[in-house]
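Asker: My questions will all concern the structure given below.
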Ligand code: ADP
Ligand code: NI
């Protein structure tokens, strides 16, 4: 099967898988990440673009957050799907490794898998976690989990282990300090660094206004 047919089949599969997904992790999130990945690919050489695009498309199917914390379902489902397309084993293994390693989970752990393709998917995903879209997704997730918007008594925690990060129940504003504002400095590619800068500034402006209004300033 040629590369564009593989991508088309994968898009159809992912749309179906995410039919009932939460608004911040739905097909439109995947589509934005896919577009970001294509944009980043334009400036990168010596990478396998098919691995990057498949990784971007498949990275959030059966997300652990919506499957009682189980991190193994997504990679398994992706591998089973890719096997039906008769793609080379090495490509499948690489895409599965990307899906297993793309998540942030508080950032306090040692990564064991590295590749340029993973870095691109990670940058593409993280660009969609910041800026105006990032803010919208974060409050949508907080609402989905019925969390308070903000509680001045509950301080952000930057030292959460991956396990604690997964099970953590905190006001949505804390997520900005526990994840979103940290993403800019973790970008790998020049393209993503540039885009992240502007989106980061927008979040800072947003938070400034949020606290001004919270404190009753005019
Ligand atoms: P991870 O943090 O494991 O990398 P995702 O990348 O799937 O998780 O998170 C995607 C988006 O979902 C976040 O950028 C944020 O918008 C939202 N989200 C995830 N966890 C939280 C949370 N605890 N509070 C608010 N939003 C969250
Ligand atoms: Ni994602």
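In the numbering used here, the protein residues as written are 46 to 263. Ideal placement from N, C-alpha and C gives every residue a C-beta, glycine not left out.
1) What number of angstroms, rounded off, separates the C-alpha of residue 235 from the C-alpha of residue 180?
2) So, using beta-carbon positions, are residue 62 and residue 132 closer together than 9 Å?
3) Let me make sure I understand the geometry here. Which of 191, 134, 161, 167 has the alpha-carbon closest to that of residue 91?
4) For residue 90, which of helix, strand or coil comes out of DSSP?
5) Report yes if the C-beta of residue 173 is less than 8 Å from at least one heavy atom of ligand 2; otherwise report no.
6) Alpha helix (DSSP H) containing residue 126: first to last residue?
7) Looking at residue 99 and residue 51, is the spacing between their C-beta atoms short of 9 Å?
8) Is residue 59 near ligand 2 - that is, is its Cβ less than 8 Å away from at least one heavy atom of it?
9) Can residue 147 and residue 104 be called in contact, C-beta distance under 9 Å?
10) I believe residue 216 touches residue 192 by the beta-carbon criterion, under 8 Å. Please report the beta-carbon distance rounded to the nearest angstrom.
11) Give me, in chain order, the residues of the same chain whose beta-carbon lies closer than 6 Å to that of residue 67; leave out the 5 immediate sequence neighbours on both sides.
12) What's the C-alpha gap between residue 259 and residue 54?
13) Pick helix, strand or coil for residue 227, following the three-state DSSP scheme.
14) For the pair the segment 230–247 and the segment 161–179, tell me if three or more CB-CB distances fall below 8 Å.
Answerer: This is what the structure gives:
1) 23 Å
2) With contacts defined by Cβ atoms closer than 9 Å, residue 62 and residue 132 do not form a contacting pair.
3) 161
4) coil
5) yes
6) 118–129
7) yes
8) no
9) yes
10) 6 Å
11) 189
12) 47 Å
13) Assigned with DSSP and collapsed to three states, residue 227 falls in helix.
14) yes
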